[in-house]
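Notes to accompany the following structure.
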Amino acid sequence: MNPQDQTPQPEPEILLEVRRLGVRFGQQQVLREISFRVPRGQALAIIGESGCGKTVLLKSLVALVRPQQGEVLFHGQDMLRLSEKELTQQRLRFGFVFQNAALFDSLTVAQNVAFPLRHHRHLSAEEVRRIVKRRLQQVGLPESVMHKKPAQLSGGMRKRVGLARALAIQPEVILYDEPTTGLDPIMSDVINELIVRTQAREKVTSIIVTHDMRTVRKVADRVLMLYPLSRLKEGESQILFDGTPEELERAQDPRVRQFVRGEAGQRLQELDLPAA
Amino acid sequence: MSSLPSQTPAPRSSWTQAAYDLVADLGQVVLEQVAALGDLALFSGRTFSWMFTRLPLRETLAPNFYQIGVLSLPVVALTGMFIGMVLAVQSYAQFRLLNLETRLGAVINMSLVRELGPVLAATMLAGRVGSAMAAELGTMRVTEQIDALATMGTNPIHYLVVPRFLACILLIPTLTIMADFMGVVGGAVYSIGILGIDSHHYWINSQNYVGAYDFFTGVIKSVFFGAAIALISCYRGFHCDPGAEGVGRAATQAFVYSFVSILILDLFLGILLDSIYLMIWPVVPRLI
């Protein structure tokens, strides 16, 4: 055995840590006792069926949703206990790509991408224009879209503008909320490729909420699978799986296998569908 | 079927159950309203805090001032003029019976500057601008644009609410003055031009009875109305339920709640400002 292999690898720096997070909307508990750590540079996919709380978890990381319990430590600082002004500053270190892009529809594409730059960086108009052009180029959008309004773009283009906007101020962490939902398979693959390239080029940490297994296989270093609380027994962990995509494929838990293979199984009986 | 769990409460008679449900529903409604009121108070507090922390951007102020002030002017002027004429029509018959037609000027102009000018300008603003603000912000909430603002280090209250609030409180006095002016003109044109009341006595009576404090009362009240419209409408937009139905409901509720608040504020501010007047000038007001 090579003696070099025995030297312990340096512990990767933990950028983000979630501790015992719990979210409730009224009477309905959505997340319970969620804990995990994300090292710097990791591409973490959070998967799970609709309604299991993936998006709520993603939004809790930047305090867009206010959890009732737990902590979200970013650089050791609890995001959920910051004052409004401190939180505003910390959020600048995150880029958020929303499910439907959430572009400001009163602004043009260029103004959308320039928005965080104009508000938080003291740059000349020329410099802002240059960055906007470069960011749009990186997501494969021509200069001709710069003066269009979001409503004039296709779903795939809007998502790419959303990514360009999230990248504009060079965040440390990029959060993707269902980046391929609602797109055709080719555009989905384009988006997946863009996530991979962004990860490599910008050396960012990515957290991707998805239920698209192709995204998981192509993009993720690690996968967390959440399960709806209503289907769990008291005391069972809501995180069904935590491991690499390869381990996910070999997972023995029938609930995980069912999701990975996309099989409805006994859910069809639960629905009590009329006979064909 | 499996048997019911043992902790099921003992069955109640139907009317006891109905009374129990009624009290529970009533309690639920009261709790929800109190919670919503507390939430609105916190929202208002955050708006004030951001207003004084950092100046709003010119790019957000200008369109709101234009939308709320300039575009509301024609409709406020028009309604102001008609309400002045309606007052003349309605009061004339009664005042003529008492041979007091020349006092119409006092009645019309006093009602206008103290009550109808500010309340009408505020109602038009709530209908024209309040619902639009709630619908616009509600759509932004539903399409996650408000979340997007927050993630880009821009506080949504500072960026979206403060400019709308400032536009409402700073421009509603001018809209009120416009409504007052057009009402006075409308009332005078109808009274003097159509009803044939002597113009000299009409204006002298107006001058004798309508004082600067009456005018000031109306303008001060309008600032509170403007604040209520902006805060309620923006709050409803920010807390909009998902979907087209949610946005529609937010827009309607923004108007209804603003309108109710305008009338409630009108009563209490009327009482307060009259008490202040009597404290400064302790005289018994003459009736006619």
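Chains A and B, in that order, are what the protein sequence lines are.
Residue numbering for the first sequence follows this note's numbering, starting at 26 and increasing by one per position.
Residue numbering for the second sequence follows this note's numbering, starting at 32 and increasing by one per position.
Think of the CB as a built atom: it goes at the ideal place given N, C-alpha and C, for glycine as much as any other residue.
Proximal residues to residue i (C-beta, below 6 Å), its chain only, five neighbours per side dropped
i	result
Met82 (chain B)	Val193
Ile71 (chain A)	Lys79, Val234 and Leu249
Ala320 (chain B)	Any question about residue 320 (chain B) goes unanswered here, given that chain B covers just 32 to 319.
Gly73 (chain A)	Lys79, Met250 and Leu251
Ala108 (chain B)	Met209 and Met213
Arg44 (chain A)	Ser60, Gly95 and Glu96
Val55 (chain A)	Val48, Gly78 and Val81
Inter-residue spacing [alpha-carbon to alpha-carbon] between residue i and residue j
i	j	result
Gly257 (chain B)	Met310 (chain B)	27 Å
Leu265 (chain A)	His236 (chain A)	15 Å
Arg172 (chain B)	Val234 (chain A)	20 Å
Ala245 (chain A)	Ile59 (chain A)	20 Å
Pro87 (chain B)	Phe96 (chain B)	12 Å
Gln125 (chain B)	Tyr221 (chain B)	16 Å
Ala139 (chain A)	Val157 (chain A)	6 Å
Gly323 (chain A)	Thr230 (chain A)	Limits of chain A in this structure are 26 at one end and 301 at the other, which puts residue 323 (chain A) out of reach.
Thr133 (chain B)	Phe246 (chain B)	21 Å
Val215 (chain A)	Val170 (chain A)	18 Å
Gly217 (chain B)	Met112 (chain B)	5 Å
Met268 (chain A)	Leu82 (chain A)	The residue asked about is misnamed: residue 268 (chain A) is Gly in this sequence, not Met. Answer to the nearest angstrom: the Cα atoms are 18 Å apart.
Ile225 (chain B)	His232 (chain B)	16 Å
Ala300 (chain A)	Gly290 (chain A)	16 Å
Glu272 (chain A)	Arg280 (chain A)	14 Å
Glu42 (chain A)	Gly66 (chain A)	14 Å
Leu105 (chain A)	Gly76 (chain B)	20 Å
Leu112 (chain A)	Arg145 (chain B)	45 Å
Residues that residue i bridges to, as DSSP identifies them
i	result
Met250 (chain A)	A:Ile72 and A:Phe266
Asp202 (chain A)	A:Val234
Arg62 (chain A)	A:Glu42
Asp103 (chain A)	A:Leu98
Leu56 (chain A)	A:Val48
Gly120 (chain A)	A:Ile199
C-beta neighbour in chain A for residue i, strict 8 Å
i	result
Thr185 (chain B)	yes
Ala179 (chain B)	yes
Thr174 (chain B)	yes
Thr154 (chain B)	no
Thr182 (chain B)	yes
Leu35 (chain B)	Because the pLDDT at Leu35 (chain B) is just 46, under 50, the model does not fix this residue reliably, and the value given afterwards should be weighed accordingly. Cβ-Cβ to chain A under 8 Å: no for Leu35 (chain B).
Min CB distance residue i to chain B below 8 Å
i	result
Ala127 (chain A)	yes
His145 (chain A)	yes
Glu197 (chain A)	no
Arg116 (chain A)	yes
Phe140 (chain A)	yes
Gly113 (chain A)	What sits at residue 113 (chain A) in the sequence shown is Thr, not Gly. Interface residue, yes.
Val87 (chain A)	yes
Glu109 (chain A)	yes
Phe50 (chain A)	no
Phe119 (chain A)	yes
Phe123 (chain A)	yes
Where the beta strand (DSSP E) containing residue i begins and where it ends
i	result
Tyr190 (chain B)	That residue, Tyr190 (chain B), is in no beta strand (DSSP E); it is neither H nor E in DSSP.
Thr230 (chain A)	Thr230 to Val234
Val144 (chain B)	From DSSP, Val144 (chain B) is part of no beta strand (DSSP E); its letter is neither H nor E.
Ile43 (chain A)	It is worth fixing the name first, because residue 43 (chain A) is Val in this sequence and not Ile. Ile39 to Phe50 is the extent of the beta strand (DSSP E) around Val43 (chain A).
The alpha helix (DSSP H) enclosing residue i, as first and last residue numbers
i	result
Phe302 (chain A)	Residue 302 (chain A) lies beyond the range of chain A shown here (26 to 301); nothing can be said about it.
Val215 (chain A)	Pro210 to Glu227
Val157 (chain A)	Ala150 to Gln163
Gln294 (chain A)	Arg292 to Leu296
Val281 (chain A)	Pro279 to Arg286
Glu168 (chain A)	Note, Glu168 (chain A): premise wrong, no alpha helix (DSSP H); not H, not E.
Val254 (chain B)	Ala243 to Phe269
Arg77 (chain B)	Ser45 to Thr84
Met183 (chain B)	Neither: Met183 (chain B) is in no alpha helix (DSSP H) and is coded neither H nor E.
Asp297 (chain B)	Gly274 to Ile311
Glu167 (chain B)	Ser162 to Val173
Asn239 (chain B)	Ser230 to Tyr240
Close beta carbons around residue i, own chain, < 7 Å, minus the five adjacent residues each side
i	result
Arg57 (chain A)	Gly47, Leu254 and Gln263
Tyr244 (chain B)	Tyr308
Leu186 (chain B)	Reading off the sequence, residue 186 (chain B) comes out as Asn, not Leu. Once the five neighbours on either side are set aside, the close Cβ partners of Asn186 (chain B) are Trp81.
Val90 (chain A)	Val48, Val81 and Lys84
Proximal residues to residue i (C-beta, below 8 Å), its chain only, five neighbours per side dropped
i	result
Leu142 (chain A)	Leu148, Val153, Ile156, Val157, Ala193 and Ile194
Ile251 (chain B)	Leu300 and Leu304
Ala49 (chain B)	none
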